[in-house]
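For the sequence shown, the working numbering begins at 6 and goes up steadily by one.
Quick reminder that beta carbons are idealized off the backbone N, C-alpha and C, glycines included.
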Amino acid sequence: MARSRTVHRCSECGAESPQWSGRCPGCGEWNTLIEEVDRAGAGKLAARLCGRQPPRPVAAVDAHDGRAVATGVAELDRVLGGGLVPGSVTLLGGEPGIGKSTLLLMVAAAVARRHPVLYVSAEERAEQVRSRAERLQAVVPDLWLLSETSLPAVFAACDEVQPGLVVVDSIQTVHDPDLESAPGSVVQVRGCAHRLVLEAKSSGRTVVVAGHVTKEGNLAGPRLLEHVVDTVLTFEGDGHHALRLLRATKHRFGATGELGLFQMNTDGLAAVADPSALLLEDRRADIAGSAVVATIDGHRPLLVEVQALAHSSSLSFPRRSAHGIDANRLELLLAVLHARCAVGLGPLDVFVSTVGGVRLGEPGVDLGVCLALVSAASCAPLAGDLVACGEGGLGGELRQVAQIPRRLAEAARLGFRRAIVPQSAQVDGAGLDVVRVATLGDALRAADLPPAAVEGGRAGVARSDGAQAAAGLR
Ligand code: TYD
Ligand code: MG
Numbered sequence: 006m007a008r009s010r011t012v013h014r015c016s017e018c019g020a021e022s023p024q025w026s027g028r029c030p031g032c033g034e035w036n037t038l039i040e041e042v043d044r045a046g047a048g049k050l051a052a053r054l055c056g057r058q059p060p061r062p063v064a065a066v067d068a069h070d071g072r073a074v075a076t077g078v079a080e081l082d083r084v085l086g087g088g089l090v091p092g093s094v095t096l097l098g099g100e101p102g103i104g105k106s107t108l109l110l111m112v113a114a115a116v117a118r119r120h121p122v123l124y125v126s127a128e129e130r131a132e133q134v135r136s137r138a139e140r141l142q143a144v145v146p147d148l149w150l151l152s153e154t155s156l157p158a159v160f161a162a163c164d165e166v167q168p169g170l171v172v173v174d175s176i177q178t179v180h181d182p183d184l185e186s187a188p189g190s191v192v193q194v195r196g197c198a199h200r201l202v203l204e205a206k207s208s209g210r211t212v213v214v215a216g217h218v219t220k221e222g223n224l225a226g227p228r229l230l231e232h233v234v235d236t237v238l239t240f241e242g243d244g245h246h247a248l249r250l251l252r253a254t255k256h257r258f259g260a261t262g263e264l265g266l267f268q269m270n271t272d273g274l275a276a277v278a279d280p281s282a283l284l285l286e287d288r289r290a291d292i293a294g295s296a297v298v299a300t301i302d303g304h305r306p307l308l309v310e311v312q313a314l315a316h317s318s319s320l321s322f323p324r325r326s327a328h329g330i331d332a333n334r335l336e337l338l339l340a341v342l343h344a345r346c347a348v349g350l351g352p353l354d355v356f357v358s359t360v361g362g363v364r365l366g367e368p369g370v371d372l373g374v375c376l377a378l379v380s381a382a383s384c385a386p387l388a389g390d391l392v393a394c395g396e397g398g399l400g401g402e403l404r405q406v407a408q409i410p411r412r413l414a415e416a417a418r419l420g421f422r423r424a425i426v427p428q429s430a431q432v433d434g435a436g437l438d439v440v441r442v443a444t445l446g447d448a449l450r451a452a453d454l455p456p457a458a459v460e461g462g463r464a465g466v467a468r469s470d471g472a473q474a475a476a477g478l479r
């Protein structure tokens, strides 16, 4: 009989520790170590299932075996650099309700036009999946549905259907009866993922699994599974906006930078032809605190509205809230505004949010965020036809970012007329009136924000009334 030992595994990073402690020694998270039984024979079983292969000269390995095959869902194929690789395991992570099942059913139907696909729904009955398939025009002959939570039953169905693609929705709801742990637990999620990986590698079937993540990401979710699977896709968006963003955060077969864009309609997810126009659709340019940044996401130029609100705080530690931009970056920009431009928002609650749930992870958005902040604090709307891009340095200088001409061309296409960019940017105008500035202070002046907001030393007032706040900045 296989010997077993008890280990404590982190539900966030997967690190193993012989003893329990309050804090994971791997990632430093608190209360994430969970006891599990590690079977000594598990590794041997894995080796047996995978089949032992002798070493081969690199030239003797057939590169075609690792080639991506297009799914037929163009935005997904773009993110994957061509499509799904046979025998690979892909995890699609996202918050509940974001559209994972919808996307996976569409992919399953598209692939089923070429060979059999098994769609395992461990959350919904087959009838529910069928009615969704009708909405999505996904009722195709070689798409097989299985409403099942037990993993051995899934493998039995694979033997029957012989699918080229197996979709498991979701990894948190399937379970392996051989594991002494409740469905959804860390042990189950990891164990099931391992078994699916072994199945994919030994059979050559492509496996795609859905995984739920909470906003805190502390469920037994993608972070834990990242090490096990070949590709991790994240599906994001603001539930109240139709736009959905698909990214690869890990991809063993290609690059991870590409962005896929979908729009959630009543009949499923459609590729977005003009994402910038969709993101700016409901914009009201006459509101103070609204700025449009010209950013690059993946290989796409994108115009995104950043909204800021600065409001008198009743707390001794005013609130800082950042959605779509990094909270630490917001703190840093607030410090630069204070130290270099004499705009101190210290006593105010500050909220910054991007429209459409777009995550702006590149530094080129710094200038736009600063313009939105100062516009909000001074109650002075920015010109509606103004865009900005540039990275803010700690010295208050503005630094160049990549591909400024492409960003400005996108802005010109959508009717913007003025752009503020760093001095060093080499741009020929691109049909816009381009203002090149060396510092953040110069940028605030070029954006016609009240001069006092830029130059006054008494910035950072604790007043809720907009006009008074503007006056306080003087
Ligand atoms: P779903 O794919 O079930 O999300 P997840 O699997 O990530 O939990 O779909 C989420 C939402 O999408 C649901 O509230 C209904 C909506 N939806 C549409 O708007 N149009 C559609 O065609 C479908 C199938 C769903
Ligand atoms: Mg679902």
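DSSP three-state assignment for S26, whether helix, strand or coil: coil
Please report how far the alpha carbon of T11 lies from the alpha carbon of L184, in whole angstroms. So the alpha carbons of these two residues sit roughly 13 Å apart.
Taking 7 Å as the cut-off, does the CB of D371 come closer than this to any heavy atom belonging to the ligand MG? no
Just to confirm, is the Cβ distance from G92 to G209 under 8 Å? Yes, Cβ-Cβ distance for G92 and G209 is below 8 Å.
By the 10 Å Cβ neighbour count, where 16 or more other Cβ atoms means buried, how is D164 classified, buried or exposed? exposed
Round the Cβ separation of V360 and I330 to the nearest angstrom and send it over; I've been treating them as touching at under 8 Å. Contact doesn't hold; Cβ gap of about 12 Å is too wide.
Which residue's Cα is closest to the Cα of P121: V379, W149, V134 and Q142? W149
CB L284 to CB L248, shorter than 8 Å? The Cβ-Cβ distance between L284 and L248 falls below 8 Å.
Tell me whether E129 sits in a helix, a strand or coil according to DSSP, three-state version. E129: coil per DSSP, three-state reduction.
If I measure Cβ to Cβ from C375 and keep anything under 7 Å in the same chain, skipping five residues before and after, which residues do I get? Around C375, the same chain offers L338, L342, G397 and L445 as residues with beta carbons nearer than 7 Å, after the five sequence neighbours per side are excluded.
Assuming G420 and A290 make a contact with CB atoms under 8 Å, what is their CB distance in whole Å? Incorrect: roughly 11 Å between the Cβ atoms, too far for contact.
Every unbroken beta strand (DSSP E) within the stretch 104-161, with a cutoff of 3 residues, ordered by chain: 122-126 and 148-152
Proximity to E21 [Cα-Cα], best of Y124, R195 and A278: R195
If you drop the 5 nearest sequence neighbours on each side, which residues of the same chain put their C-beta closer than 7 Å to that of P30? A20 and S22
Taking P427 as part of the beta strand (DSSP E), name the residues at either end of that continuous run. Run containing P427: R423 to P427, per the beta strand (DSSP E) assignment.
Do you know offhand how far A45's Cα is from H180's? The predicted position of A45 is uncertain, since its pLDDT is 46 and thus under 50; a value taken from the coordinates is nonetheless stated next. Straight-line Cα distance between these residues: approximately 21 Å.
Is I409 near the ligand TYD, in the sense that its beta carbon is under 7 Å from a heavy atom of that ligand? Taking 7 Å as the cut-off, one finds no heavy atom of the ligand TYD near enough to the beta carbon of I409.
Can you find the residues in the same chain that come closer than 7 Å, C-beta to C-beta, to L399, ignoring five residues on each side of it along the sequence? V341
Does the ligand MG have a heavy atom nearer than 7 Å to the CB of S106? yes
Could you please give me the residues that DSSP links to H256 through a beta bridge? T236
Assigned secondary structure, N333 (DSSP; H/G/I helix, E/B strand, else coil): helix
Could you name the residues of the same chain whose beta carbon sits closer than 6 Å to that of D354, not counting the 5 residues immediately before and after it, in chain order? H316, S318, P323 and R324
Report the start-end ranges of each beta strand (DSSP E) in the stretch 194-224 that is 3 residues or longer and not cut off at the edges. 211-217
Applying the criterion that 16 or more other CB atoms from any shown protein chain within 10 Å of the CB defines a buried residue, is R72 buried or exposed? exposed
Do A407 and A313 count as a contact pair if the criterion is CB distance below 8 Å? no
When you compare the stretch 136-143 with the stretch 154-172, are there three or more beta-carbon pairs, one atom per stretch, that lie closer than 8 Å? no
Please state if the CB of S326 and the CB of P386 are separated by a distance shorter than 8 Å. no
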